[in-house]
Amino acid sequence: MGMLLSGRGLITSLIFFLLKFSTAVDIPLSVQQVPTITKQSKVQVAFPFDEYFQIECEAKGNPEPTFSWHKDDKPFDLSDPRIIVSNNSGTFRIPNEGHISHFQGRYRCFASNKLGVAMSEEIEFIVPNVPKFPKEKIDPLEVEEGDPIVLPCNPPKGLPPLHIYWMNIELEHIEQDERVYMSQKGDLYFANVEEKDSRNDYCCFAAFPRLRTIVQKMPMKLTVNSLKHANDSSSSTEIGSKANSIKQRKPRLLLPPPESGSESSVTILKGDTLLLECFAEGLPTPQVDWNKIGGDLPKGRETKENYGKTLKIENVSYQDKGNYRCTANNFLGSATHDFHVIVEEPPRWTKKPQSGVYSTGSSGILLCEAEGEPEPTIKWRVNGFPMERNPFSGDVISPREISFTNVQPNHTAVYQCEASNVHGTILANANIDVVDVRPLIQTADEEDYATVVGYSAFLHCEFFASPEAIVSWQKVEEAKPLEGRRYHIHENGTLQINETTEEDAGSYSCWVENAKGKTAVTANLDIRNATKLRVSPKNPRVPRSHTLELHCESKCDSHLKHSLKLSWSKDGEAFEINGTEDGRIIIDGANLTISNVTVEDQGIYSCSAHTALDSIADMTQVTVLDVPDPPENLHLSERQNRSVRLTWEAGDDHNSNISEYIVEFEGNKEEPGRWEELTRVQGKETTVMLSLAPYVRYQFRVIAENEVGRSQPSRPSDHHETPPAAPDKNPQNIRVQASQPKEMIIKWEPLKPMEQNGPGLEYRVTWKPQGAPVEWEEETVTNHTLRVMTPAVYAPYDVQVQAINHLGSGPEPQAVVLYSGEDYPDTAPVIHGVDVINSTLVKVSWSAIPKERVHGHLKGYQVNWWKTKSLLDGRTHPKEVNILRFSGQRNYGMVPSLDAFSEFHLTVLAYNSKGAGPESEPYIFQTPEGVPEQPTFLKVIKVDKDTATLSWGLPEKLNGNLTGYLLQYQIINDTYEIGELNDINITTPSKPSWRLSNLNATTKYKFYLRACTSKGCGKPVTEESSTLGEGKYAGLYDDISTQGWFIGLMCAIALLTLILLTVCFVKRNKGGKYSVKEKEDLHPDPEVQSVKDETFGEYSDSDEKPLKGSVRSLNRVMQPTESADSLVEYGEGDHGLFNEDGSFIGAYAGSKEKGSVESNGSSTATFPLRA
-1 MGMLLSGRGL
9 ITSLIFFLLK
19 FSTAVDIPLS
29 VQQVPTITKQ
39 SKVQVAFPFD
49 EYFQIECEAK
59 GNPEPTFSWH
69 KDDKPFDLSD
79 PRIIVSNNSG
89 TFRIPNEGHI
99 SHFQGRYRCF
109 ASNKLGVAMS
119 EEIEFIVPNV
129 PKFPKEKIDP
139 LEVEEGDPIV
149 LPCNPPKGLP
159 PLHIYWMNIE
169 LEHIEQDERV
179 YMSQKGDLYF
189 ANVEEKDSRN
199 DYCCFAAFPR
209 LRTIVQKMPM
219 KLTVNSLKHA
229 NDSSSSTEIG
239 SKANSIKQRK
249 PRLLLPPPES
259 GSESSVTILK
269 GDTLLLECFA
279 EGLPTPQVDW
289 NKIGGDLPKG
299 RETKENYGKT
309 LKIENVSYQD
319 KGNYRCTANN
329 FLGSATHDFH
339 VIVEEPPRWT
349 KKPQSGVYST
359 GSSGILLCEA
369 EGEPEPTIKW
379 RVNGFPMERN
389 PFSGDVISPR
399 EISFTNVQPN
409 HTAVYQCEAS
419 NVHGTILANA
429 NIDVVDVRPL
439 IQTADEEDYA
449 TVVGYSAFLH
459 CEFFASPEAI
469 VSWQKVEEAK
479 PLEGRRYHIH
489 ENGTLQINET
499 TEEDAGSYSC
509 WVENAKGKTA
519 VTANLDIRNA
529 TKLRVSPKNP
539 RVPRSHTLEL
549 HCESKCDSHL
559 KHSLKLSWSK
569 DGEAFEINGT
579 EDGRIIIDGA
589 NLTISNVTVE
599 DQGIYSCSAH
609 TALDSIADMT
619 QVTVLDVPDP
629 PENLHLSERQ
639 NRSVRLTWEA
649 GDDHNSNISE
659 YIVEFEGNKE
669 EPGRWEELTR
679 VQGKETTVML
689 SLAPYVRYQF
699 RVIAENEVGR
709 SQPSRPSDHH
719 ETPPAAPDKN
729 PQNIRVQASQ
739 PKEMIIKWEP
749 LKPMEQNGPG
759 LEYRVTWKPQ
769 GAPVEWEEET
779 VTNHTLRVMT
789 PAVYAPYDVQ
799 VQAINHLGSG
809 PEPQAVVLYS
819 GEDYPDTAPV
829 IHGVDVINST
839 LVKVSWSAIP
849 KERVHGHLKG
859 YQVNWWKTKS
869 LLDGRTHPKE
879 VNILRFSGQR
889 NYGMVPSLDA
899 FSEFHLTVLA
909 YNSKGAGPES
919 EPYIFQTPEG
929 VPEQPTFLKV
939 IKVDKDTATL
949 SWGLPEKLNG
959 NLTGYLLQYQ
969 IINDTYEIGE
979 LNDINITTPS
989 KPSWRLSNLN
999 ATTKYKFYLR
1009 ACTSKGCGKP
1019 VTEESSTLGE
1029 GKYAGLYDDI
1039 STQGWFIGLM
1049 CAIALLTLIL
1059 LTVCFVKRNK
1069 GGKYSVKEKE
1079 DLHPDPEVQS
1089 VKDETFGEYS
1099 DSDEKPLKGS
1109 VRSLNRVMQP
1119 TESADSLVEY
1129 GEGDHGLFNE
1139 DGSFIGAYAG
1149 SKEKGSVESN
1159 GSSTATFPLR
1169 A
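According to my numbering, the stretch in the sequence shown is residues -1 to 1169, in order.
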């Protein structure tokens, strides 16, 4: 036995040794070789709607093959004029011109040259007939109700597949159910007919989809007679007897047909679908069951269809053979049928003969083995002829192999192996080419290759050689074979260089050598930089509904940029090029943007970069954060009067740890349904002991919070009710409100519902004079206010408020001091005197009233004053009272912003929270003269080349006796240069105009005019104008005071003309080419003086001197002639002036000039008021 095994091993080794000498590679067509069929038709069907039918056969070989055909194992003449033969191949066409049934048959193609003959498998050409039902007369069928019936179809033969349908004339399908069934052959079976089965249009339709044809059988008529409608002349007894003749019966099989007996055989091919059908007639309708005798039905591949009448097994295997039984049952009995299933198989190769290339003197072997059921028979052919006619001596032939030794060039041939059984035939060609040539390298010389650093490089050197050749590679500049673990030469000659570096770049030579010679080619290798990739941000955590932006930063070799392509994927599934259809995910090259992020967007995102030579990917884990799910399963335990333990289970935190839980409660009797926060618990805890208030029916819920936000509230817990108790606290914010003297309205903040602790809440109020050794007075109320009348005005009282309910009193209350209602002061201060500080400011002093005469809390003193007359003209002034309040306990005050040179009356009174007391006796005082206000206007009414006449209006307030005017002027230009300032003192205050002479022609001047009293001069009003040039008439306007003809003319013209001339006058005399603001910025008033260094409180009459005719700096500012009166220093009460009714009448203004003069000549600054 051991020797036998050794012998088998030796034979196997020999076979592998022999096979080693043959190569199953394609032979270049430049080398002589036997024909090889490269293309052939399969089964060809001549469909009637095709233009032609092509039967293909193509082959290669050297010399070029010629083609011939056999039809039904007989030579077929390709010269038939009804066919069209293709050039250089065996393919031919059969035009669809009728009479093509002559060409139906089995074809085989032969391709031959001087070295051998290759043959194709058989090609069947089918010319199908148009299927038709035979013309026949179908007799009507008449059956009694309950009987079985079969309606035959007998469809015509045609090209499969065949589909059969039963329909009526309206093309409505006949309904099938447990009682009605269509067999695989198309017959329609009724297990028992019913009256509703009667119809005259049962039609069988046969459809042949490959032929695009449907044919119809003539309609059949079926009449079902119901015994319930027997002859009316019969007695009722006879009718009942006939009805009872429809007897129930046990099942009887109609399929398989009764003539087949109780068992039958079914042959099925492996891999096909097995269909077994059983149908039984009977009443009631039988039910069909299936089982396999001695085994189980194949799970997963078996189904029962058509109400169990058909057993379907898909993809049949040899394990499915055996006996299957169908059983038809009703309550009267059963019927069975056994199917003996035989599984067979067409031939299939297990060892297919392989073509080979041999060199002279070598040996070879051809193997041919096939499986099938029944077992296939093997036949050998050589060049298309049976092996018995084999011309090669020395071949060793057996049914499954052919071996040959010491082959010679004339041994070249095509061997065919054919395996057949009843289910088909398979054919294999094996080429035996005996060739002796020098190696032929098929890869082009100087081929260029490229790879990236770290990748493998493959340099090709495909060759054909017989006898066997040796391949070697070397670098051109090194001239020695490559060696080392990084280099590997494949059998097809390809050089593989692993883990390439930049030093591997260069030129390589491939050498192929056998006994007939050697050949070489050169290959060039270029090494590129590897592509790099980085996705950012890494592992982002994104809240739900936010926007996520991912960036894919890539860097590749400059030679590969044109081929670089980026793609995105999530969890291994690639995105579309531009993102999703809804636009929520947008891909813009290297950027991926997800709007309105959802939980489904969580996952691993990968960016891949692909170039012509390499690919790389980087990924990032996206975590979507969301608010937690609500806590669940709230449970109350450890229930006490003032506490309870609440426990819950945490919900899903959605990737963000829960930071804390918020415990809320509902139990406010006044606001049911309102939830309030009770406490907070750290996120790692899921239980808390809750402190509770008495007399509350609690219900709790929990909210979880993480970095994203808060969860929805949990479901409420069970209720927990605490018993009532006495109050734990007393009211807060006890205060008094009084509108009448001796009245005390005591108020406090009432206890909240959660603080009441029980029913019957009331407040016990007690009071007594502060510090008095008397009993407390007491009153209990239900609201939060109490009115008490006291014997004294503004007297202090100790007051207590205590909360009580039906279960007791709150804690001992703390007393607070409250005062009873105030009354008005009942005496007036005495004015000591009024000191005049300057023309607009006085200081008033008075004596404070006694504390007991205040009758309340002294808030301060109020000064009232009003102007009685002007000292300038002696006119009396209507009484307009001004009010100024000074807060606190004081005895003097400063009264500002008075009119100069006027007489005033002044009174002082005290006031408290109730109001003001009586006024003092009026005190009379006078203010001295001050400087005038600026003139109301200044106009240039006439100009000439060297003169200008100016006119002006009186100041609105003279503030004293007017002594004259100060007129100043200077040259100005449209530059920053100015001329000397000239002064003219006008001592005739009644004269409203002045004529200046000795002016420069064609020169622009600026004029300043101030009104003066004995106290000095006031603010200036300004105007600008230019003189005329030589020879120009300047007498457009004359001095109104000296030109009588002009006065007469003005009196004579109409009112409308006067208005027009006045407008022209104003426009003509409007000076300057630029705005007032711009002019003043460029040429500020030289007399305006700074008050930055002044301090309030220094009040004195002005010492200002008349201006001299000299050049002065424009940055100089004039000292104000009267100190600005202000409430800042003196008023500490209500900051402002008041009318008699106490209303505010405005701030007080003083003179504070800056380095510019307004166009109307006035400049005032409002002083702030301060305590």
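Built from N, CA and C at the ideal position, the CB exists for glycine as well.
Within the same chain, no residue comes within 7 Å of D580 by CB-CB distance, once the 5 residues on both sides are set aside. Residue state for M687 is assigned as strand, using DSSP reduced to three classes.
Annotation for Y696: the continuous beta strand (DSSP E) segment containing it runs R695 to E703. The Cβ atoms of F203 and V191 do not sit closer than 9 Å to each other. When secondary structure is reduced to three states using DSSP, M752 falls in the helix class. Around the beta carbon of R1008, 16 or more other beta carbons sit within 10 angstroms, so the residue counts as buried.
Here Q182 is exposed, its C-beta having fewer than 16 other C-beta atoms within 10 Å. H338 is bridged by DSSP to S263 and N321. One alpha carbon belongs to E658, the other to H782, and they sit about 39 Å apart.
The Cβ-Cβ distance between S353 and F402 does not fall below 9 Å. As for any beta strand (DSSP E) of minimum length 3 sitting wholly inside the stretch 376 to 402, the runs are 394 to 396 and 399 to 402, ordered along the chain. Judged by their CB atoms, E399 and G370 are not nearer to each other than the 9 Å cut-off. Unbroken beta strand (DSSP E) runs of no fewer than 3 residues, entirely contained in the stretch 157 to 231, are found at 161 to 165, 178 to 180, 186 to 188, 197 to 206, 211 to 214 and 218 to 223, following chain order. Restricting attention to M787, G359 and C366, the CA atom closest to the CA of T348 is found in C366. With the rule of 3 Cβ pairs closer than 8 Å, the stretch 633 to 645 does not count as touching the stretch 558 to 575.
Each of N408, H608, G831 and V941 was checked against the Cα of Q31, and the nearest Cα belongs to N408.
DSSP assignment within the stretch 833 to 902 yields the following whole beta strand (DSSP E) runs of 3 residues or more, N-terminal first: 839 to 845, 856 to 868, 880 to 885 and 890 to 893. Linking L209 to N127 through their CA atoms gives a straight-line distance of about 10 Å.
Closest option to H855, judged by alpha-carbon separation, among G756, S818 and P827: S818.
DSSP places K302 in the uninterrupted beta strand (DSSP E) bounded by E300 to E303. Between the C-alpha atoms of T780 and Y795 there is a straight-line separation of about 22 Å.
V786 and V625 have their C-alpha atoms spaced approximately 57 Å apart.
Under the three-state reduction of DSSP output, P407 falls in the helix class. Put simply, of Q932, D897 and A826 the residue whose alpha carbon is nearest the alpha carbon of S918 is A826. Listed in chain order, the alpha helix (DSSP H) runs fully inside the stretch 559 to 634 amount to none, counting runs of at least 4 residues. Contact annotation: T529 and I592 have beta-carbon atoms that are not nearer than 9 Å.
Within the same chain, Cβ atoms closer than 6 Å to the Cβ of A702 are found at P626, P629, I656, Y659 and S709, the five residues on either side in sequence being excluded. Taking 9 Å as the cut-off, the beta carbon of T34 is found no closer than this to the beta carbon of K72. The beta carbon of H717 lies closer than 8 Å to those of R695, Y696 and Q697 in the same chain, with the five residues before and after it left out. When secondary structure is reduced to three states using DSSP, E501 falls in the helix class.
Here DSSP, grouped into helix, strand and coil, assigns F935 to coil. Secondary structure at S1024: strand, using DSSP grouped into helix, strand and coil. Residue environment for T1025: buried (at least 16 other C-beta atoms within 10 angstroms of its C-beta). For G280, the enclosing beta strand (DSSP E) has its first and last residue at F277 to L281. DSSP places T449 in the uninterrupted beta strand (DSSP E) bounded by E445 to V450. In the structure shown, the three-state DSSP call for H652 is coil.
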